[in-house]
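*Asks:* Structure in structure tokens, see below.
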Amino acid sequence: MKASSEKKEDRILNFLIKKFTWRHPSSKVVQVCPRCGSANIKLSSKLDVWLTPKQYVCKDCGYVGPIVLELEKTEDENSGSD
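Residue numbers (my numbering): 32 to 113.
Structure follows, in structure tokens:
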């Protein structure tokens, strides 16, 4: 009984490690505004992340906040339109 509960805990731990492990942003990920969906979003200042928490600013709708959506590009978006 104890061995099966340890295996279950190991599976849960491995699942959480995979979900919460930091990954380096790749070229296949684009950051978009959570309000309007625009990719025209930037950090509010160069001091963000170093001195203060991240604050993103959307140049299209004016959103200001710490959250952005990261979407993976599909093959159609990577190849461009023909």
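We put the CB at the ideal spot given by N, CA and C, even for glycine.
Is the beta carbon of TYR94 sitting closer than 8 Å to the one on SER75?
*Replies:* no
*Asks:* Within 10 angstroms of its Cβ, does ILE72 collect 16 or more other Cβ (buried), or is it exposed?
*Replies:* buried
*Asks:* With a threshold of 7 Å on Cβ separation, who are the neighbours of LYS59 within its own chain once the five nearest residues in sequence on each side are excluded?
*Replies:* For LYS59, where only same-chain residues beyond five positions count, the Cβ hits under 7 Å are GLU103 and LYS104.
*Asks:* In the structure shown, what three-state DSSP assignment does LYS39 receive?
*Replies:* helix
*Asks:* Identify, in the order they occur along the chain, each residue of the same chain with its Cβ nearer than 7 Å to the Cβ of VAL63, setting aside the five sequence neighbours on each side.
*Replies:* Once the five neighbours on either side are set aside, the close Cβ partners of VAL63 are SER69, ALA70, ILE72, VAL99, LEU100 and LEU102.
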